[in-house]
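Residue numbers (the working numbering), protein chains in the order written: chain Y, 2 to 325; chain B, 196 to 584; chain E, 300 to 415.
Virtual Cβ for every residue (Gly too), placed ideally from N, Cα, C.
Bear in mind that the values here come from a model prediction, so they are computed numbers and not experimental data.
All remarks here apply to the structure that follows.
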Amino acid sequence: MPLNAIELAKLFHDKNPGMTQGHRMCPGCAAPNVVRFALMTAIAKGYEPVVGLATGCLEVSTTIYPYTSWNVPYIHNAFENVAATISGVETAYRALVKKGEIDKDKKYAFFAFGGDGGTYDIGLQSLSGAIERGHKFIYIVYDNEGYMNTGNQRSGATPPGSDTTTAPVGKKLPGKVQLKKNLVEIMAAHENVYVATVSIAEPMDFMKKIEKALEFDGPSFIAAYSPCVRFWRVSDDKSVEISKLAIETLYWPLYEVERGVYRVTKKITNPKPIAEYIKAQGRFKPLLSRPDAQEIIDELQEYVKIRYERLLALEEVTKDKPIR
Amino acid sequence: MPLKQAITGAEAIAYAMKQINPDVVAAYPITPQTPVVEYFAKYVADGVVDTEMIPVESEHSAMSAVVGAAAAGARAFTATASVGLALMHEVVFIAASLRLPIVMAVANRALSGPINIHCDHSDAMAERDSGWIQLWAENAQEAYDFTVMAYRIAEHPDVRLPVMVNFDGFIISHGVEVVETLDDDVVKNFVGKPIKMYPLLDTSKPVTYGPLDLYDYYFEHKRQQIEAMKHVPRVFKEVAEEFAKISGRKYDLLDEFMVDDAEYIMVALGSTAGTIKHTVKELRAEGKKVGLVKPWVFRPFVKSEFQRVLNARKGVVVLDRSASFGAEAPLYEAVKSALYEVAVRPQIGSYVYGLGGRDITPEHIRQAFEDAFKGNLIADEERYLGLRE
Amino acid sequence: MPELKGWKEIPIGGLIVEPGNSKQYKTGTWRVMRPVYQPENCIHCMQCWLYCPDQAIVVEIVDGKPKMKGYNYYYCKGCGLCANVCPKSTDPRTKQPAPEDKRAIVMKPETEFAEE
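Right, here's the structure in full:
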């Protein structure tokens with residue numbers, strides 16, 4: 002796999018990998034890059050992608066009838082069932098290969114994309130079921146930490162203190178109260194799966210993990226940090242900067258879990274304070290004018306620190322000891 | 196040589212599916228559909244079929260998975276009942292709108308609450324606007340026959356709509372009857388190879404399923420579904436004609452029993468027709484001119500057929516095994532509306548019966564016919580058979 | 300915008316059978332800021348191409364090496380991500396934003412440019 006931008010440009014400069022131009026995602030949205038990085042990897046490795054997509058920003062903005070931005074087979078079913086839908090497609094593939102109707106040497110890559118809304122919350126059941134059954138597919142959640150397509154409602158993935166329309170910062174309440182649901186760990190607990198966190202700020206780490214997922218003999222779950230420049234209230238050009246800051250403050254640690262074996266793929270030796278991350282985004286501005294702002298920031302700081310230390314410890318304890 | 200077997204309706208459907216050998220089956224267990232899935236799972240485990248089975252984690256995922264499989268170009272089947280059908284409601288509509296030739300067997304059972312596992316038609320009635328073709332079986336034989344015919348109707352290029360085969364929960368699903376099953380190769384040749392349209396797995400022709408329609412296109416897409424339903428009566432009759440040649444059993448849109456000179460006709464769906472036919476024969480022996488119309492095809496609801504057979508009768512008695520709270524019962528409403536335009540309108544009465552598996556007896560049927568004989572049918576009055584006041 | 304078609308003229312099921320036909324859609328009209336390419340400062344690192352969410356960076360292969368050629372303004376939405384990730388946008392010594400004449404990409408208001 003070419004591991005740098007130059008090699009990728011040579012391969013894809015005149016091709017649209019899965020997604021074309023003309024889509025109507027917001028200027029500066031990170032989701033198109035999440036999709037492109039994943040599909041470039043698959044295509045470069047000789048796979049033909051088949052894409053399923055849950056209702057959300059990406060789905061709505063890339064398929065406004067009569068236009069589609071997809072030049073690969075694509076299916077959108079409903080909000081919470083992309084994993085179940087792709088289970089059906091993948092099973093049909095296996096059945097038709099058995100019948101001899103499809104060339105078994107043709108490499109298909111089944112992708113299921115969903116936003117955090119359609120994955121952490123309403124889509125959790127069908128995702129868990131598909132992983133438990135062991136279908137060979139890659140689920141990629143483009144996590145923009147809220148129901149952004151419908152105007153910034155809070156989801157299980159929204160961080161605490163964030164201002165959303167259904168959990169606004171007001172006189173009484175400080176925005177979202179709960180910490181972010183740790184879906185990556187929930188998925189890792191299925192044990193038969195390859196799980197990884199990725200970020201567009203680290204494209205080579207991203208693509209390496211996609212490569213691993215493609216070759217993994219079973220289901221994969223990839224959590225992609227995907228800043229929403231609109232509702233995180235940052236300027237259009239900031240998605241990569243914020244992604245970098247998220248990694249450097251331990252907010253979004255880059256790691257993978259392969260059948261229970263943990264590996265932190267980017268070690269951060271001198272993490273920046275989480276306050277820097279908070280202050281860089283307008284969605285935390287209402288929080289900062291509250292008297293309990295520091296308390297909430299401290300809670301988050303403590304959490305990311307402990308979580309990171311736990312990951313390092315798990316890396317040591319599970320080294321070479323896959324649970325399945 | 197056709198084989199006569201003493202099997203339940205569920206086993207008959209599973210047996211038909213074994214002979215059809217679909218590519219993918221995704222199902223979630225729910226009483227009283229469970230034996231359909233269990234018998235089929237045994238065929239899969241024993242390698243009797245090539246089907247890939249997906250043990251999904253809910254009915255919503257069952258329908259979602261068969262949508263994915265059918266879109267991919269595979270022949271897909273599922274089965275459910277009652278609240279399982281209700282849970283997959285959203286995807287049921289999507290399956291029809293994507294024009295996928297899916298076949299689903301529904302073991303008709305009452306919707307909750309309170310929770311009830313017995314026979315009633317409320318589950319399928321709640322899906323009557325979904326765009327699915329609805330076939331209704333009277334007994335295990337019809338359940339088997341419709342399952343064999345279903346893909347031929349669904350996959351027809353003029354149709355491309357999913358088919359729901361309704362069979363009464365427990366009464367047909369669990370009752371043992373004599374079913375004449377056709378030979379494996381007869382079924383195989385009749386059903387033929389899947390007719391594929393726009394398969395996802397054809398990467399040389401990438402297609403986008405399920406886009407966002409704004410207000411500028413949704414209406415047109417729905418009009419296409421309406422048009423497809425208009426072709427079903429013709430296609431159904433063609434398939435039924437072919438099926439008659441291999442089985443000796445002739446199906447049509449309506450099952451008309453002793454209607455030729457009938458003065459009073461009862462209309463009902465499903466297994467109750469068996470009890471009605473028995474009562475009709477008894478009443479005929481007593482000199483009463485009675486008959487039964489049992490729709491085999493409820494969706495599309497072919498008004499012209501009802502108008503043709505019910506015109507100028509003295510009385511029509513419609514039995515519904517489901518209620519529509521605050522409105523007239525579904526079958527009654529449809530039949531009455533069809534009779535709006537007939538030359539000579541019969542007297543008409545509505546009877547709701549059998550909710551939640553409440554038994555319906557020949558005495559109840561007689562009671563309804565007696566009302567008709569006495570001229571005591573009131574169009575606006577919904578009556579109940581077997582209800583304790 | 301293409302002409303609206305009647306129900307008999309479109310494929311069934313809401314299917315779109317022309318892959319990638321959104322390429323017909325001009326997202327370039329969204330622009331409020333326009334990236335201006337200054338090739339004399341470009342080192343052809345391909346970061347802008349890698350990160351452009353709308354694949355609006357034109358790259359050609361010259362002597363086996365990819366070279367940034369400019370922008371496809373039909374699609375460019377003017378988000379500025381290219382300028383943000385461009386290594387020439389930051390002075391390597393001071394880590395501060397580089398002066399405009401040293402940059403490979405400069406964001407300018409769209410109003411300064413005539414309609415193409």
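Member of the options whose CA lies at the smallest distance from the CA of residue i
i                  : options                                    : result
Ala-202 of chain Y : Y:Leu-255, Y:Gln-179, Y:Lys-173, Y:Arg-234 : Y:Leu-255
Leu-514 of chain B : B:Gly-544, B:Gly-521, B:Val-537, B:Arg-540 : B:Gly-544
Asp-380 of chain B : B:Ala-207, B:Phe-431, B:Ile-215, B:Ala-302 : B:Ile-215
Val-178 of chain Y : Y:Asp-293, Y:Gly-116, Y:Arg-308            : Y:Asp-293
Phe-365 of chain B : B:Pro-296, B:Arg-294, B:Ser-277            : B:Ser-277
Ala-290 of chain B : B:Lys-213, B:Ser-532, B:Lys-417, B:Thr-226 : B:Lys-417
Glu-500 of chain B : B:Lys-432, B:Glu-254, B:Pro-525            : B:Lys-432
Cys-351 of chain E : Y:Val-61, Y:Glu-49, Y:Arg-37, Y:Ala-45     : Y:Arg-37
Lys-483 of chain B : B:Ala-468, B:Asp-575, B:Ala-457, B:Ile-225 : B:Ala-457
Asp-218 of chain Y : Y:Tyr-48, Y:Lys-107, Y:His-136, Y:Ala-96   : Y:His-136
Thr-467 of chain B : B:Arg-553, B:Lys-425, B:Ser-325            : B:Arg-553
Gly-326 of chain B : E:Pro-301, E:Val-361, E:Gly-312            : E:Gly-312
Val-386 of chain B : B:Val-262, B:Asp-340, B:Ala-267            : B:Asp-340
Phe-207 of chain Y : E:Trp-306, E:Arg-333, E:Leu-349, E:Asn-340 : E:Leu-349
Residue i and residue j closer than 9 Å at C-beta
i                  : j                  : result
Pro-428 of chain B : Val-360 of chain B : no
Gly-23 of chain Y  : Val-230 of chain Y : no
Val-547 of chain B : Val-530 of chain B : no
Ala-260 of chain B : Ala-271 of chain B : yes
Val-51 of chain Y  : Ile-7 of chain Y   : no
Gln-337 of chain E : Asp-400 of chain E : yes
Pro-541 of chain B : Leu-505 of chain B : yes
Tyr-404 of chain B : Asn-78 of chain Y  : yes
Thr-474 of chain B : Ile-560 of chain B : yes
Leu-40 of chain Y  : Met-20 of chain Y  : yes
Ala-321 of chain B : Phe-362 of chain B : no
Ala-197 of chain Y : Phe-114 of chain Y : no
Val-382 of chain B : Val-358 of chain B : no
Ala-338 of chain B : Asp-318 of chain B : no
Lys-209 of chain Y : Ile-223 of chain Y : no
Lys-199 of chain B : Val-374 of chain B : yes
Ala-567 of chain B : Val-539 of chain B : no
Ala-257 of chain B : Tyr-234 of chain B : no
Which residues DSSP lists as bridging residue i, in chain order
i                  : result
Lys-364 of chain E : E:Val-361
His-77 of chain Y  : Y:Leu-54
Leu-449 of chain B : B:Pro-490
Met-258 of chain B : Met-258 of chain B is not bridged to any residue.
Phe-114 of chain Y : Y:Leu-54, Y:Ile-141
Phe-272 of chain B : B:Val-220, B:Val-298
Pro-396 of chain E : E:Thr-389
Glu-577 of chain B : B:Ser-545
Alpha carbon of residue i to alpha carbon of residue j, nearest angstrom
i                  : j                  : result
Ser-163 of chain Y : Ile-297 of chain Y : 10 Å
Val-241 of chain Y : Ala-382 of chain E : 11 Å
Trp-441 of chain B : Met-299 of chain B : Correcting the residue identity first, residue 441 of chain B is Ile in this sequence and not Trp. Each residue's alpha carbon lies about 23 Å from the other.
Ser-321 of chain E : Met-149 of chain Y : 22 Å
Ile-309 of chain E : Ile-315 of chain E : 9 Å
Pro-33 of chain Y  : Pro-18 of chain Y  : 11 Å
Leu-313 of chain Y : Val-265 of chain Y : 7 Å
Ala-397 of chain E : Ser-244 of chain Y : 22 Å
Ala-31 of chain Y  : Glu-259 of chain Y : 26 Å
Ala-247 of chain Y : His-191 of chain Y : 26 Å
Asp-524 of chain B : Gly-469 of chain B : The displayed chain sequence assigns Ala, not Asp, to residue 524 of chain B. Near 21 Å, if we compare the C-alpha coordinates of Gly-469 of chain B and Ala-524 of chain B.
Ala-335 of chain B : Lys-391 of chain B : 30 Å
Phe-145 of chain B : Thr-120 of chain Y : A query on residue 145 of chain B cannot be resolved here, the shown segment of chain B reaching from 196 to 584 and no further.
Gly-130 of chain Y : Pro-250 of chain B : 9 Å
Ala-480 of chain B : Leu-526 of chain B : 28 Å
Proximal residues to residue i (C-beta, below 8 Å), its chain only, five neighbours per side dropped
i                  : result
Thr-250 of chain Y : Pro-272, Lys-273, Pro-274, Ile-275, Glu-277, Tyr-278, Val-305
Lys-181 of chain Y : Glu-146, Gly-157, Ala-158, Thr-159, Pro-160, Pro-161
Cβ-based neighbour list, residue i, same chain, cut-off 6 Å, excluding 5 preceding and 5 following
i                  : result
Met-461 of chain B : Ile-471, Leu-487, Val-512
Ala-264 of chain B : Val-219, Ala-271
Gly-319 of chain E : none
Residue i: CB within 8 Å of a non-hydrogen atom of the ligand COA
i                  : result
Tyr-226 of chain Y : Among the components modelled here there is no ligand, and therefore nothing to report on the ligand COA.
Interface flag, residue i vs chain C, CB-CB below 9 Å
i                  : result
Lys-307 of chain E : Of the chains in the structure shown, none is chain C; the protein chains are Y, B and E.
Sequence-distant residues of the same chain with beta carbon closer than 7 Å to residue i, five excluded per side
i                  : result
Val-454 of chain B : Ile-460, Gly-486, Val-488, Val-504
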